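Novice: Let me give you the structure first, and then I'll get to my questions.
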Amino acid sequence: MQTIFIDSYDRWRTEARRLITMDVHPSDVQWQSNAEQPSLFDDDLLPQPDCKHGFSVPRKFLELAKNVACHRSDARWSILYRTLWRILNQHRELLNITTDDDVYQLVQMQKAVTRDVHKMKAFVRFRKVSDNPESFMAWHRPDHRIVRLAAPFFARRFRGMNWSIFTPDESVAWDQSELQYGPGVPASAVSSEDALEELWKTYYASTFNPARVKVAMMKREMPVRHWATLPETDLIPELLQRAPTRVDQMIETQEGFGQTAAHFMPTERSLESLSDAAGRCTACDLCHDANQLVFGEGPANAKIVLIGEQPGDLEDIQGKPFVGPAGQLLDECLAAAGIDRTTVYVTNTVKHFKFTRLDKRRLHKKPDSREIFACRPWLEAELEEIQPDVIVCLGATPAQALLGRDFRITRSRGKRLQTEWCKQTVATWHPAAVLRMPDQSRRHQMQEQLVGDLRMAVGE
Amino acid sequence: MLRKQTASGKRAAQRRIRATTSNRTRHLAMDVQDKLTILADAAKYDASCASSGSKGTRPGSKIGSTEGMGICHSYTPDGRCVSLLKILLTNYCIYDCQYCVNRISSDTPRARFTVDEVVSLTMEFYKRNYIEGLFLSSGIIQTSDYTMEQLIEVARRLRVDQHFGGYIHLKTIPNASSALIEQAGRWADRLSVNIELPTESDLVQLAPEKNKPQIVGTMTGIREKIDETTQEKKSGFKPPRFAPAGQSTQMIVGATPTPDLEILKTASELYTGQRLRRVYYSAYSPIPHADARLPGQSPPMVREHRLYQADWLMRFYGFDANEIVTESDSNLSLDMDPKLAWAIANRHFFPVDVNRASREELLRIPGIGVRSVDRILVIRRYQSLRCSDLRKLRVAWNRTKWFVQAADHNPGLASLDKLDLGKQAKPKTTQLMLFDAAQSAVSGEV
Ligand code: SF4
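Chains A and X, in that order, are what the protein sequence lines are.
Mind the numbering: the first sequence is residues 149 to 608 in our numbering, read in order.
Mind the numbering: the second sequence is residues 587 to 1032 in our numbering, read in order.
Here's what the structure looks like:
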């Protein structure tokens, strides 16, 4: 019986070749691991056929051995040797019999190693340590001694940046031209800061769907022993804790209505039949609390259509658009712009008054996008009937309904825009917004702008 | 006019980014964080997350490769892997698909990334090895073509300006012109067109602006272009790359009452007709601001799991949609995997002798996967297999044992005739099934 100390794959290979050529039976050797450091694999892997005692080994075995050598188990050298011996002396095809005990064990070790390499590819997290040249660092703790198996992958993938990966056993660095291996270092030696990690955590938290919690699955694929180097794992307890409430909320905040105004559309279309049909609309909930529907008003051949947001308190009582304080201001502005209100069609984006009650008063409340959406078919039908030359949107609500939710009144007020209903669509302040402005001079300015926009809209 | 405004907005953003390149990382974090919250959240309902099917590295790339595809860099507590930066360019949308949180009538908060922001995010995340690449989708803004142009611009800049060689998956916008699809395929590894819902009538009901002929038409366009590229390559030319990882699609399941059989038939049509690489099934999950017409309940995860299993059986095991669905209501059995269900319904086919049966027959044994079948075929050239061998191959012995004959094992007709065989052979707990569910989204192996 001889005992052989092995410190690397290369050493094992040399010894194995020697023993095979001397025809030493596996049971006559004892293999012992030294504190080993797997050496480079890039020297020739194949035991070259020896002139005197020529033998060749299936390439598949060498592949397997190369991987198994990185496994931490002490038993690996002797199993490798026994298998090699059996391949050469008993059965060339032994490796195909994956249920053979030796082969099975080797394959299990190989699997563990390749899995570990895979985890390294996945769980190494680089941190940026300098900008010029861009350099990155990572600390990772693999289960086996796989740095040299995985490093070439990182070199190919991150060819254009400098990086180093440190592990407790070994480290590797890439300077955009070659890989250099060095000794292992403790985690504390590696930078633990990168501003981008916050952003990454944001992404991680947002991409988690609380309606599908599967913790066991997560832990199986992302073993807890790697969590320490993965910044996002800090978030897991809180994400889990909040998940059930978030799902409940999602289900509770269901929104939208079963129908839209389209459902109540008359087959014969005229302004009268439309207004008549809209009176029976119950597409959204606003019809329940409002007194009555306030449809548009004005001649069917109007060249100009003015669109507000929704009827207010007085409008709801009288059933006519723009009759309250905002309406009076609008009349003033129209007059100042030289427009006769009786030639204009005036309507609202949403046809029922939306409010909250405060004591006896009914306070205007902005309609939300669901209500706007539900009500939109009425507005579209009105515009189709009238086919105006100019549309003036008073305030953001009608502007967003016609121009998209991207629209910002502060940014695009007073610009002539094209929509599918009309070549000249202009958005300006809602008279109510002017009235609500506390600052006198600003209020004055807004009113001027409103008049100016009206004048511009009807100009050529 | 509108377009001009956004262009000027874009220029402003560009200026901002340029002005801060010195301390780009930190600035990016501050600027983009809020958008990321919204636009990653909005994209998370998309099931197609895997990076797969692209081989080889793009010539000239400095950062990024598509080798080692399918690396999952993280897992969220929903058991799904994070392999790509999956975001929307914007969640503004002019469409009103009821199952979608981004539909125009939803009250969800809105945001929009600039092209530069997506490019930086992708590069910075990639360099830190957080991701394998980008999965970019978008709500439809202005027009389909305009939106598509923006997506393409992101991909183009990643490839050309950043020399990015990682994975890019672009979700094509329904109705985008074929010239744009062609460009998209040049920069992207994979394109997908979402079929959204299994049948035409589901679409009419829930996605009135979309229609099946249009969707399938876009797929056909992509398929033809892929075929053309392969043809040219075969005849020795070097055509520009076109979606080397093929195309995939996603179907939302459970938003309408359409049964599994219809779903699988649609999938099977897509696999054969359009040669899709993957059909993703996404159990309809409650979304914030959901429409009142949708079921307000947690997603039928087991159903999703069963569909993936059935899908796998169609693609790799030679099963046909019609034979997989054995229940009388045209749905897959929820408490038994489809292969087992088929076996129980076809007991006359068993036991199958592992030492003699053909590959096709072996593939039909419950609990034995494709890889095990291939190993069995190799091993039995040298020796006959026994139970212990099968166990070493990690077959699901408790399921398999009823249906398989080995050198030292014959279940005999008596046990196959047992009425409660299904009960005995199926896994004991539903817990286990849920545990498998997420895995099957990746492998689907039964
Ligand atoms: S607000 Fe509009 S959609 Fe809602 S009920 Fe009134 S008319 Fe119909």
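For glycine and all other residues, C-beta sits at the position ideal for the given N, C-alpha and C.
None of these values were measured; they are calculated from a predicted model.
For a minimum of 4 consecutive residues, which ranges assigned as the alpha helix (DSSP H) are wholly contained in the region 377-445 of chain A?
Specialist: 384-400, 419-426, 434-437
Novice: Counting only beta-carbon atoms, is X/F711 nearer than 8 angstroms to chain A?
Specialist: yes
Novice: Cβ closer than 8 angstroms: which chain X residues qualify as neighbours of A/R620?
Specialist: Here chain A comprises residues numbered 149 to 608, so residue 620 of chain A is not present and cannot be evaluated.
Novice: If you draw a straight line from the alpha carbon of A/G427 to that of A/M413, how long is it in whole angstroms?
Specialist: 11 angstroms
Novice: Is X/L756 near the ligand ZN, with its Cβ less than 7 angstroms from a heavy atom?
Specialist: The ligand ZN is not part of the structure shown, which contains the ligand SF4 as its ligands.
Novice: Is there a Cβ of chain A sitting closer than 8 angstroms to that of X/T623, yes or no?
Specialist: yes
Novice: Using the Cα positions of A/V177 and A/Q150, report the straight-line distance between them to the nearest angstrom.
Specialist: 5 angstroms
Novice: Whose CA, out of A/A298, A/A337, A/F203, A/A213, lies closest to the CA of A/D158?
Specialist: When only C-alpha atoms are compared, the closest one is A/A213.
Novice: Below 8 angstroms CB to CB, which residues in the same chain sit around X/T986 once its five sequence neighbours on both sides are set aside?
Specialist: Cβ neighbours of X/T986 beyond the five flanking positions: I951, P952, G953, I954, L976.
Novice: Leaving out the 5 sequence neighbours to the left and right, which residues in its chain are closer than 8 angstroms to X/D846 when beta-carbon positions are compared?
Specialist: R889, R892, L893, A896, V911, S916, N917, L918
Novice: Flag this pair as touching only if the region 728-741 of chain X and the region 314-333 of chain A have three or more C-beta atom pairs under 8 angstroms; answer yes or no.
Specialist: no
Novice: Identify which residue in A/Q566, A/L462, A/V255, A/Q535 has its Cα closest to the Cα of A/K451.
Specialist: A/Q535
Novice: Can you check whether the C-beta of A/V361 is within less than 8 angstroms of a C-beta belonging to chain X?
Specialist: yes
Novice: Less than 8 angstroms between CB atoms is the rule here; does X/T986 satisfy it with respect to chain A?
Specialist: no
Novice: Mapping the DSSP letters down to three states, classify X/I717 as helix, strand or coil.
Specialist: coil
Novice: Grab the span of the beta strand (DSSP E) containing A/S278 for me, first residue to last.
Specialist: 275-278
Novice: What span of residues does the alpha helix (DSSP H) with A/N496 cover, start to end?
Specialist: From DSSP, A/N496 is part of no alpha helix (DSSP H) but of the beta strand (DSSP E) over 492-496.
Novice: So the candidates are X/Y903, X/P825, X/H934, X/L789; which of them puts its Cα closest to the Cα of X/R945?
Specialist: X/Y903
Novice: Counting only C-beta atoms, is X/Q736 closer than 8 angstroms to chain A at any point?
Specialist: no
Novice: Work out the CA separation of A/G460 and A/E519 for me, nearest whole Å.
Specialist: 16 angstroms
Novice: How would you call X/V746, buried or exposed, if buried means at least 16 neighbouring beta carbons within 10 angstroms?
Specialist: exposed
Novice: From what residue to what residue does the alpha helix (DSSP H) around X/S557 run?
Specialist: Chain X is shown from 587 up to 1032; residue 557 of chain X falls before or after that span and cannot be answered.
Novice: Can you tell me the Cβ-Cβ gap for A/M285 and A/S325, rounded? I've got them flagged as a contact below 8 angstroms.
Specialist: Their Cβ separation, rounded to whole angstroms, is 18 angstroms, which puts A/M285 and A/S325 out of contact at 8 angstroms.
Novice: In angstroms, rounded to a whole number, what distance separates the CA positions of X/E653 and X/S974?
Specialist: 36 angstroms
Novice: Output, in sequence order along the chain, the residues in the region 158-175 of chain A whose CB is closer than 8 angstroms to any CB in chain X.
Specialist: none
Novice: Interface residues of chain X around A/M370 at Cβ under 7 angstroms?
Specialist: S660, Y661
Novice: Looking only at its own chain, which residues have a Cβ that is under 8 angstroms from the Cβ of A/L638, when we skip the five neighbours before and after it?
Specialist: Any question about residue 638 of chain A goes unanswered here, given that chain A covers just 149 to 608.
Novice: For the 8 angstroms Cβ check, are there 3 or more pairs between the region 769-782 of chain X and the region 797-812 of chain X?
Specialist: yes
Novice: Between X/I759 and X/Y712, is the Cβ-Cβ spacing less than 8 angstroms?
Specialist: no
Novice: Given 8 angstroms as the limit, is there contact between the region 657-668 of chain X and the region 356-366 of chain A, that is, 3 or more CB pairs closer than that?
Specialist: yes
Novice: Got a sec? Which residues, its chain only, sit under 8 angstroms from A/S418 by beta carbon, not counting five neighbours each side?
Specialist: A448, E533
Novice: Could you tell me how far apart the beta carbons of A/T573 and A/Q566 are, in whole angstroms, since I believe they sit closer than 8 angstroms?
Specialist: 7 angstroms
Novice: Would a C-beta distance cut-off of 8 angstroms place A/T262 and A/V255 closer than the cut-off?
Specialist: no
Novice: Enumerated in chain order, which unbroken segments of the alpha helix (DSSP H) with a length of 4 residues or greater are wholly contained in the region 680-726 of chain X?
Specialist: 701-713
Novice: Report yes if the C-beta distance between X/L674 and X/G719 is below 8 angstroms; otherwise report no.
Specialist: Taking 8 angstroms as the Cβ cut-off, X/L674 and X/G719 do not qualify as a contacting pair.
Novice: Below 8 angstroms on C-beta distance, what does X/C667 contact in chain A?
Specialist: E369
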